[in-house]
Ligand code: AMP
Ligand code: MG
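In our numbering, the protein residues as written are 1281 to 1813.
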């Protein structure tokens, strides 16, 4: 597609966005234009128009994402841009479509899924030549909507908007969120699938990422035996999203690319584990091929350290996607991707190297991350036992993960005292019962840290750079939602601001680092979430 209109392709100050839609241009689209649920074969995308909404209003935006797209505040407040972010109008160069993918959900192959409520707007190119896919989540039905409405509720949109940005500022690869727009319409949801549907306010998030391609895009083509299109999608993805991959014979290139995917996924998982992030729905359709955190649904943050915890009520019985299982699930998901890619290569066993690499990189990154969290300059073999004993103690004593690691920097290595970490306990009885265990563990830890030999101030500063003070605790997100549903959106802005500097002490903002209050322990939205969004 050639850009012809100089009015919008020119790099002048008042231009909005410049588009270069390679996914559309280089991959086959669906010839059928009917916007109704159906199977789509032989195509990677279907053209689809967003369904306009009644009264779009920009609730919040991310200034960093706007800046990355060369959008200043003046441009962002323009009605035509807000209309575009609501799916009510297109900007020049935008072309709207939904992409076709499948996936394994909860361990089972389910066939075609696709963008059922996400509509892509095209690929924006900024002044530095960086490419970003823009995607509206909740912009109306597509051929992939199955029986659902293509919409999203305000509560889940607030959660996605805030967490995308929070993850980025924590230094974790993620899709981003440019904007949160209220639609002025309601959406019917039965939050706990128990026969109590209610009208909820609707919203649309504009998500931004270099690529929204998922493992499931490749899996679906392989499952259908469409090897020609699978090969095209692989070639396209490598060319557009992995340009640094060295050239080589096709099977070598495929294997090298898979190794890179495995490495990125390993790094991502080590990040999730180091901050206590639980994705909640690690189905293969929710796994990014470029290694980003993607699809913020019933995710949650570990409060009291519990390896078996899952925020997702749909997964409460089997706990497939609980905190501790995430690294193994990512490996399982990579195996499913390898199954799909193996249909393209005579040397399918070459892909095994990628899976081995996943294990190595994950182990290395995990050790490095936890050495840093403990304030140690390098990981030593015996540290595994020290950390394992700590995890067990934290689990039994119900110690808050974020508070503990932040507090550990304050421990005096000459006189380690469990009192320094009192604030990390949820329960006074457990604090008392495990005080001597914690003192003993701290003595071992202090000996190890003294041997590491870093000056105290340096050690504390280094720990504070990796142990966040502020994370999007589940109850904080829920408070922002409760208030927004009552018309007060202030807390969305406050959280967005606080979470921009998660590793810094922010005087006056202690409330945003408080551990989960008692009322939130078993409240919906705070400790348990459904997929209904
Ligand atoms: P998720 O569990 O959010 O990863 O979604 C799984 C599949 O269901 C994807 O194909 C989504 O596009 C689709 N989906 C989820 N919610 C909706 C909705 N409200 N309308 C249409 N499709 C949806
Ligand atoms: Mg999904």
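Cβ atoms here follow ideal geometry from the backbone N, Cα and C, with glycine treated the same way.
Kindly list the residues whose CB is nearer than 8 Å to the CB of residue i, restricted to its own chain and excluding five residues on each side of it in sequence; keep chain order.
{"i": "residue 1292", "result": "Note that residue 1292 scores a pLDDT of 41, beneath 50, so its modelled location is shaky and nothing firm can be said."}
{"i": "residue 1477", "result": "1468, 1469, 1470"}
{"i": "residue 1800", "result": "1754, 1755, 1758, 1806, 1807"}
{"i": "residue 1723", "result": "1696"}
Whose C-beta lies closer than 6 Å to the C-beta of residue i among residues of the same chain, with five residues either side of it excluded?
{"i": "residue 1693", "result": "1726, 1729, 1730"}
{"i": "residue 1367", "result": "1330, 1416, 1419"}
{"i": "residue 1405", "result": "1298, 1300, 1411"}
{"i": "residue 1610", "result": "1545, 1549"}
Whole angstroms are fine: how far does the CA of residue j sit from the CA of residue i?
{"i": "residue 1714", "j": "residue 1664", "result": "21 Å"}
{"i": "residue 1430", "j": "residue 1584", "result": "35 Å"}
{"i": "residue 1699", "j": "residue 1513", "result": "57 Å"}
{"i": "residue 1569", "j": "residue 1489", "result": "12 Å"}
{"i": "residue 1521", "j": "residue 1538", "result": "13 Å"}
{"i": "residue 1787", "j": "residue 1778", "result": "11 Å"}
{"i": "residue 1668", "j": "residue 1549", "result": "18 Å"}
{"i": "residue 1633", "j": "residue 1534", "result": "12 Å"}
{"i": "residue 1369", "j": "residue 1379", "result": "20 Å"}
{"i": "residue 1619", "j": "residue 1313", "result": "32 Å"}
{"i": "residue 1505", "j": "residue 1566", "result": "22 Å"}
{"i": "residue 1575", "j": "residue 1733", "result": "42 Å"}
{"i": "residue 1589", "j": "residue 1680", "result": "13 Å"}
{"i": "residue 1541", "j": "residue 1500", "result": "18 Å"}
{"i": "residue 1544", "j": "residue 1638", "result": "8 Å"}
{"i": "residue 1240", "j": "residue 1310", "result": "The shown model of the chain, from 1281 to 1813, leaves out residue 1240, and the question about it has no answer."}
{"i": "residue 1558", "j": "residue 1721", "result": "26 Å"}
{"i": "residue 1458", "j": "residue 1793", "result": "25 Å"}
{"i": "residue 1358", "j": "residue 1547", "result": "39 Å"}
{"i": "residue 1774", "j": "residue 1398", "result": "27 Å"}
{"i": "residue 1427", "j": "residue 1640", "result": "42 Å"}
{"i": "residue 1776", "j": "residue 1625", "result": "46 Å"}
{"i": "residue 1421", "j": "residue 1551", "result": "34 Å"}
Determine, for residue i, whether the minimum Cβ-Cβ distance to residues of chain B falls below 7 Å.
{"i": "residue 1481", "result": "The structure shown contains no chain B; it is built from a single protein chain."}
Using a threshold of 7 Å, state whether the C-beta atoms of residue i and residue j are closer than that.
{"i": "residue 1578", "j": "residue 1604", "result": "no"}
{"i": "residue 1441", "j": "residue 1460", "result": "yes"}
{"i": "residue 1383", "j": "residue 1564", "result": "yes"}
{"i": "residue 1381", "j": "residue 1494", "result": "yes"}
{"i": "residue 1689", "j": "residue 1648", "result": "no"}
{"i": "residue 1517", "j": "residue 1333", "result": "no"}
{"i": "residue 1560", "j": "residue 1607", "result": "no"}
{"i": "residue 1772", "j": "residue 1340", "result": "yes"}
{"i": "residue 1748", "j": "residue 1783", "result": "yes"}
{"i": "residue 1502", "j": "residue 1509", "result": "no"}
{"i": "residue 1701", "j": "residue 1687", "result": "yes"}
{"i": "residue 1454", "j": "residue 1448", "result": "yes"}
{"i": "residue 1401", "j": "residue 1414", "result": "yes"}
Return the first residue and the last residue of the beta strand (DSSP E) that residue i is part of.
{"i": "residue 1338", "result": "1337 to 1341"}
{"i": "residue 1412", "result": "1411 to 1417"}
{"i": "residue 1384", "result": "1382 to 1385"}
{"i": "residue 1486", "result": "1478 to 1489"}
{"i": "residue 1402", "result": "1398 to 1405"}
{"i": "residue 1379", "result": "1377 to 1379"}
Does the beta carbon of residue i fall short of 6 Å from some heavy atom of the ligand AMP?
{"i": "residue 1812", "result": "no"}
{"i": "residue 1416", "result": "no"}
{"i": "residue 1329", "result": "no"}
{"i": "residue 1428", "result": "yes"}
{"i": "residue 1434", "result": "no"}
{"i": "residue 1393", "result": "yes"}
{"i": "residue 1396", "result": "yes"}
{"i": "residue 1821", "result": "Within the shown structure, residues of the chain are numbered from 1281 to 1813, placing residue 1821 beyond reach of any answer."}
In the DSSP assignment, find the alpha helix (DSSP H) that holds residue i and state where it starts and stops.
{"i": "residue 1392", "result": "Unbroken run through residue 1392 is the beta strand (DSSP E), 1388 to 1392; no alpha helix (DSSP H)."}
{"i": "residue 1325", "result": "Run containing residue 1325: none in the alpha helix (DSSP H); it sits in the beta strand (DSSP E), 1325 to 1327."}
{"i": "residue 1457", "result": "Taken as a continuous stretch (DSSP letters only), residue 1457 belongs to no alpha helix (DSSP H), being part of the beta strand (DSSP E) at 1456 to 1469."}
{"i": "residue 1755", "result": "1754 to 1765"}
{"i": "residue 1730", "result": "1715 to 1732"}
{"i": "residue 1612", "result": "1606 to 1622"}
{"i": "residue 1582", "result": "Run containing residue 1582: none; DSSP gives neither H nor E here."}
{"i": "residue 1686", "result": "1681 to 1688"}
{"i": "residue 1576", "result": "Here residue 1576 belongs to no alpha helix (DSSP H), and DSSP marks it neither H nor E."}
{"i": "residue 1811", "result": "Neither: residue 1811 is in no alpha helix (DSSP H) and is coded neither H nor E."}
{"i": "residue 1517", "result": "1507 to 1521"}
State yes or no: is the C-beta of residue i nearer than 6 Å to some heavy atom of the ligand MG?
{"i": "residue 1406", "result": "no"}
{"i": "residue 1565", "result": "yes"}
{"i": "residue 1575", "result": "yes"}
Here's a check: name, in chain order, each residue in its chain whose Cβ is nearer than 7 Å to the Cβ of residue i, leaving out the five neighbours to either side.
{"i": "residue 1814", "result": "Because the chain here runs from 1281 to 1813, residue 1814 falls outside it and cannot be looked at."}
{"i": "residue 1683", "result": "1703, 1704, 1795"}
{"i": "residue 1582", "result": "1556, 1558, 1589, 1603, 1681"}
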